[in-house]
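Written below as structure tokens is the structure these notes are about.
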Amino acid sequence: MSRRDPNAPRLVLFSPPGEAGFAASLLAEAFEAADIASLILRTDALGESEILARTKGLLPLAAKAGAALVLEARAELVATASADGAHLPDFPAQSSLFASLKPRFIAGAAGLASRHDAMSAGEMGADYVMFGEPVSGKRPPLDTIIERVSWWAEIFQIPCIAFAASLDEVAPLVRAGADFIALDEAVWASEAPLKSLAEAMIHLQLERA
Amino acid sequence: MKMRLAIFGLVFAGLFFAPEKISAKPKSAPAPAATPAPTEETDPNIDLAYGAYQRGLYLYAFTEATRRVNADQDPKAMTLLGEIYAGGLGVALDREKAFEWYRQAAERGDREAMLALGLAYLQGRGVAPDRAEAGKLFTASAEKGNAVAAYNLALLYLEGQVYPKDIAAAAKWFHLAAEQDLPDAQQALATLYKEGQGVKKDAAESTRWLARASTLRHPPSMTEYAFAVYNGQGTPKDEAAGAKWFRLAALYGNPIAQNRLSFILVNGLGGFSKDPVKALAWHLYARSKGDSSPTLDTVFAKYPDSVKDSAEKIVHAWETGGPLPRS
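As you go down the protein sequences, you meet chains A and B in turn. For reference, each letter of the first sequence is one residue, going 1 to 209 in the working numbering. For reference, each letter of the second sequence is one residue, going 1 to 327 in the working numbering.
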């Protein structure tokens with residue numbers, strides 16, 4: 001990744017579903033194939049000990065790639081798990097967790113239903129805001145997400161992550177000014193995840209003029 | 001009839017839904033960096049207790065909730081105390097004390113406490129098991145709109161012990177829970193619509209509920225939905241979309257979907273290219289988890305050893321977390 005355009009956005013990857021070994025195997029491949037800035041470990045289906053065990057297994061992978069490892073939702077486990085921070089999918093309901101993470105850990109804000117929510121997250125010291133991720137299986141139309149990303153990128157310094165539900169969405173979200181592109185099923189639902197990652201990387205490099 | 005077996009399997013397997021955390025976030029979250037005026041609805045103190053609980057600061061949550069209870073008998077704080085005792089969070093686990101706090105909160109009309117108390121009676125935790133009492137409490141909580149209580153109540157109506165078996169009533173309560181996006185209830189309701197049990201048979205409605213549960217990433221529903229989309233049941237037939245759902249359900253660990261994906265990759269269906277190695281890998285992975293497929297076994301028996309070796313290496317990587325072998 002040495003020829004990376006320094007201004008090009010980078011990838012944020014959500015962990016794949018599946019059993020621990022299966023998920024770790026996919027991630028080992030992904031880290032080798034692509035430049036990944038940050039890995040968000042999905043925790044919704046996992047118990048506490050499983051989260052700690054998976055984090056332990058993934059830390060060396062992430063460290064080797066220079067990527068941050070961030071736990072979805074479970075801010076209280078960040079320190080125990082030696083993770084780099086928490087991704088809070090339910091802002092503002094989880095806003096009280098921000099204080100417990102700062103300044104040592106990354107606190108990411110998602111579930112931002114309005115501009116007001118996004119700005120509140122920024123004021124509270126969010127390390128990034130995410131737009132466009134599905135909440136309870138639903139997400140706004142792509143145009144709305146693009147509009148929100150461009151608004152944020154123009155005004156604020158805090159990095160903005162745009163969630164791309166499919167590879168087709170990567171290019172327009174990059175053009176809108178996203179600092180990072182988050183991928184989940186756009187990669188994992190494909191039978192060739194590496195090919196999908198590679199394709200996403202190409203969009204990141206090409207679309208930022 | 002098949003459906004009845006499926007649903008009763010659910011009941012007898014003891015799959016009543018007991019969420020990890022019962023306590024619900026109080027509705028009134030204070031705006032950041034602002035002090036809301038306390039009103040009857042807005043109680044910053046219970047938010048303080050709940051917030052601490054959420055951050056894992058259980059002792060602080062415990063102290064704060066105790067203060068609330070002593071100050072004005074707050075039922076939300078009582079439920080929180082029940083939960084702290086039930087989980088042994090920062091205090092010694094004590095089911096009797098948990099039961100007592102849930103009971104007091106339930107008497108004051110807290111629907112989450114009613115659910116917790118119902119589960120305590122159902123499972124005999126902190127009290128002698130009493131399914132009839134569990135039913136009463138689930139009813140009270142469900143009537144106040146609690147989705148999990150409604151789901152459990154529906155199971156009691158299907159089971160026909162506490163209440164005479166009443167599939168229409170079960171459907172009604174599944175519906176209440178399904179509307180609040182409880183995926184287990186959505187899948188159960190989809191089954192009732194598919195079979196026309198307790199509701200008018202309606203394939204489209206059945207598939208619609210499966211779709212909703214699938215977007216919530218409920219693995220068993222994803223597999224059923226994949227079949228519906230792939231075969232065009234209750235929705236227009238779309239092999240490519242169906243194949244993607246099989247792939248996703250396979251990722252989530254569903255062995256039936258894994259074998260189906262294997263079949264798709266053997267034959268290059270639904271927009272996927274033929275991939276004998278991956279196809280065999282998925283099949284072996286599914287078989288190791290107990291889903292056999294004699295058809296696929298026959299197909300793969302004819303494959304060359306080189307394909308078998310590569311597939312076994314992939315499965316080994318999947319099971320141990322190592323990187324996949326270079327192809």
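Using N, Cα and C, we set each Cβ at its ideal position, and we do this for glycine too. Source: prediction; values computed, not measured.
Cβ of residue i within 7 Å of any chain B Cβ
{"i": "A198 of chain A", "result": "no"}
{"i": "L194 of chain A", "result": "no"}
{"i": "E133 of chain A", "result": "no"}
{"i": "F180 of chain A", "result": "no"}
{"i": "S96 of chain A", "result": "yes"}
{"i": "E19 of chain A", "result": "yes"}
{"i": "E72 of chain A", "result": "no"}
{"i": "E207 of chain A", "result": "no"}
{"i": "E76 of chain A", "result": "yes"}
Under 7 Å between C-beta atoms of residue i and residue j
{"i": "F180 of chain A", "j": "P9 of chain A", "result": "yes"}
{"i": "I146 of chain A", "j": "P172 of chain A", "result": "yes"}
{"i": "D94 of chain B", "j": "Y102 of chain B", "result": "no"}
{"i": "V307 of chain B", "j": "L284 of chain B", "result": "no"}
{"i": "L13 of chain A", "j": "L41 of chain A", "result": "no"}
{"i": "P120 of chain B", "j": "A113 of chain B", "result": "Per the sequence shown, residue 120 of chain B should be read as Ala rather than Pro. Going by C-beta atoms, A120 of chain B is not nearer than 7 Å to A113 of chain B."}
{"i": "A147 of chain B", "j": "A177 of chain B", "result": "yes"}
{"i": "R247 of chain B", "j": "L261 of chain B", "result": "yes"}
{"i": "R287 of chain B", "j": "S100 of chain A", "result": "no"}
{"i": "A75 of chain A", "j": "A93 of chain A", "result": "no"}
{"i": "P89 of chain A", "j": "G66 of chain A", "result": "no"}
{"i": "A149 of chain B", "j": "G126 of chain B", "result": "no"}
Opposing strand residues paired with residue i [DSSP bridges]
{"i": "K138 of chain A", "result": "A:V135"}
{"i": "V129 of chain A", "result": "A:A109, A:C160"}
{"i": "L39 of chain A", "result": "A:L13, A:L69"}
{"i": "I181 of chain A", "result": "A:L11, A:A162"}
{"i": "L88 of chain A", "result": "A:A109"}
Chain-ordered neighbours of residue i on chain A, where CB pairs are closer than 8 Å
{"i": "Q323 of chain B", "result": "Looking at the sequence itself, residue 323 of chain B is Pro, so the reference to Gln does not match. The contacting residues are S25, A28, E29, E32."}
{"i": "F272 of chain B", "result": "E191"}
{"i": "K278 of chain B", "result": "E191"}
{"i": "K244 of chain B", "result": "A189"}
C-beta neighbour in chain A for residue i, strict 7 Å
{"i": "A317 of chain B", "result": "yes"}
{"i": "D184 of chain B", "result": "no"}
{"i": "R247 of chain B", "result": "yes"}
{"i": "K215 of chain B", "result": "Here the sequence assigns Thr to residue 215 of chain B, which means Lys is not the residue at that position. Chain A contact via Cβ: present."}
Neighbour list for residue i in chain A, Cβ cutoff strictly below 7 Å
{"i": "D181 of chain B", "result": "S136"}
{"i": "G145 of chain B", "result": "The contacting residues do not exist; G145 of chain B stays about 17 Å from chain A at best."}
{"i": "G51 of chain B", "result": "S96"}
Contact list for residue i against chain B, beta-carbon separation under 8 Å
{"i": "P16 of chain A", "result": "L251"}
{"i": "E185 of chain A", "result": "L248"}
Under 9 Å by beta carbon: chain B residues contacting residue i
{"i": "S100 of chain A", "result": "R55, G56, L57"}
{"i": "G57 of chain A", "result": "G321"}
Within chain A, the residues that residue i reaches when beta carbons sit closer than 9 Å
{"i": "T320 of chain B", "result": "G21, A24, S25"}
Chain D contact for residue i (CB, 7 Å cutoff)
{"i": "E83 of chain B", "result": "The displayed structure is made up of protein chains A and B, and chain D is not among them."}
If contact is defined by three or more beta carbon pairs under 8 Å, each pair taking one atom from either stretch, is the stretch 187-206 of chain B in contact with the stretch 21-34 of chain A?
In short, these stretches do not touch, since the Cβ pair count stays below three.
Below 8 Å, how does it come out for the stretch 99-107 of chain A and the stretch 51-66 of chain A: are there three or more Cβ pairs, yes or no?
By the Cβ criterion, the stretch 99-107 of chain A is not in contact with the stretch 51-66 of chain A, since fewer than three pairs of Cβ atoms, one from each stretch, lie closer than 8 Å.
Evaluate contact between the stretch 233-244 of chain B and the stretch 273-291 of chain B, counting only Cβ atoms and requiring at least three cross-stretch pairs below 8 Å.
No, they do not touch.
If we count Cβ pairs, one from each stretch, closer than 8 Å, do we get three or more for the stretch 151-160 of chain A versus the stretch 120-140 of chain A?
A contact exists between the stretch 151-160 of chain A and the stretch 120-140 of chain A.
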